[in-house]
Amino acid sequence: MTPAFPAYPSGLHRRIVLQPGGDWVGGALEDDMHRFHIRLDHAEGRVTRVAAKAVRHPWSACPGATHFIAKELTGELLADVGARDPAQHCTHLYDLAILAAAHADDTAPMRFDMTVTDRVEDRTTATLYENGIETLRWQLDGTAIAGTTRDLRRLSQWKRELSPQEAEGATLLRRAVFVSGARAYVAPSLEQTAALNQGRMGVCFNYQLPQAESSTRTPNWHRDFSQSGHQPLEDFDPASAFAAM
91 MTPAFPAYPS GLHRRIVLQP GGDWVGGALE DDMHRFHIRL DHAEGRVTRV AAKAVRHPWS
151 ACPGATHFIA KELTGELLAD VGARDPAQHC THLYDLAILA AAHADDTAPM RFDMTVTDRV
211 EDRTTATLYE NGIETLRWQL DGTAIAGTTR DLRRLSQWKR ELSPQEAEGA TLLRRAVFVS
271 GARAYVAPSL EQTAALNQGR MGVCFNYQLP QAESSTRTPN WHRDFSQSGH QPLEDFDPAS
331 AFAAM
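Using my numbering, the first residue of the sequence shown is number 91, and each one after it goes up by one.
Below, the structure written as structure tokens:
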């Protein structure tokens, strides 16, 4: 008998908040494994300053990505923020920068909540909420979206059929689905370096040389928001936090 698609909880809860500030835009992201903040100052369509924080992260080298992204993006056109090599960056911080740049001219805050149920026989349910309203729900068998011919691994092909807002939502929810797999991952010891995980070398800032040679697991890096009674970024005041960056 084919199993039903499971319902949340338990699973991943990822939240992103965006806060426009006139000549700057801030973005913050938190999920089970990560918490990052970024602020992009801009003028006449160009990034004039970048400030970023790695608040919670799985590897000791991750904070170095904040300095790298500031160097890479300062002076860039907002429209070109997404044109850099993502493998050189922290995946989550770079995703956040791209999203913030796309919303640089917004006049109101935005909140994105993504939940991805723990898989049962490789089936899951993934849901996106924008400002508390459900805007997208997928039932997934592996990476295939049930009831469609679409597969998450081919998003770049079929998202051209979507509106810009729909494509943005699909991109955000797909990332949450892929991140959710880390809930089942058994972390290496704190002493083990990233470079020993040869299968992941080159995929992001932490797994690039030379930092991978010395990057080790950070303690207390994991949360489970689906079971703790807490929500991602629940202690975060976007307006004041970004104004101070």
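Positions of the beta carbon are idealized from the N, C-alpha and C atoms, including for glycine.
Bounding residues of the alpha helix (DSSP H) (the contiguous stretch that carries residue i)
i             : result
glycine 154   : 154-163
histidine 182 : 181-192
leucine 263   : 254-270
Option in the options with minimal Cα separation from residue i
i             : options                        : result
glycine 232   : Gln298, Val210, His179, Trp149 : Val210
arginine 313  : Pro328, Ala274, Gln288, Ala284 : Ala274
glycine 111   : Asn221, Met200, Glu162         : Met200
alanine 331   : Arg105, His124, Arg129         : Arg129
leucine 108   : Arg139, Ala192, Arg174, Glu303 : Ala192
glutamate 120 : His320, Trp228, Ala329, Ala334 : His320
For residue i, three-class secondary structure by DSSP
i             : result
glutamate 120 : strand
valine 140    : strand
methionine 91 : Any reading at methionine 91 needs caution, since the residue's pLDDT is 47, under 50, leaving its predicted position unreliable; the model's value is listed next. The answer is coil: DSSP assigns methionine 91 none of H, G, I, E or B.
proline 110   : strand
Residue i versus residue j - alpha carbon distance
i              : j                 : result
asparagine 287 : threonine 197     : 43 Å
glutamine 301  : proline 148       : 14 Å
arginine 243   : glutamate 134     : 36 Å
methionine 374 : arginine 264      : Residue numbering for the chain in the displayed model covers 91 to 335; residue 374 lies beyond these limits and cannot be assessed.
leucine 183    : glycine 237       : 33 Å
glutamate 224  : phenylalanine 326 : 22 Å
asparagine 296 : phenylalanine 126 : 15 Å
Beta-carbon proximity list for residue i, same chain, < 7 Å, skipping 5 on both sides
i             : result
methionine 91 : Residue placement at methionine 91 is poorly supported in this model, since its pLDDT is 47, which falls under 50; the coordinates still yield a value, given next. Closer than 7 Å at the Cβ level, and outside the excluded window around methionine 91, lies no residue.
Same chain, Cβ closer than 6 Å to residue i, neighbours up to 5 away in sequence not counted
i             : result
threonine 156 : Ala142, Ala144
tyrosine 219  : Asp203
glutamine 229 : Phe95, Thr215, Ala236
Neighbourhood of residue i by C-beta, 8 Å cutoff - its chain only, sequence neighbours within 5 removed
i             : result
threonine 306 : Trp149, Ser150, Leu280, Glu281, Gln282, Thr283, Ala284
proline 278   : Leu286, Asn287, Arg307
alanine 260   : Leu226, Leu245, Lys249, Leu252
Start-to-end residues for the beta strand (DSSP E) that takes in residue i
i                 : result
alanine 216       : 213-220
phenylalanine 332 : That residue, phenylalanine 332, is in no beta strand (DSSP E); its alpha helix (DSSP H) goes 328-333.
glutamine 301     : Per DSSP, glutamine 301 belongs to no beta strand (DSSP E) and is neither H nor E.
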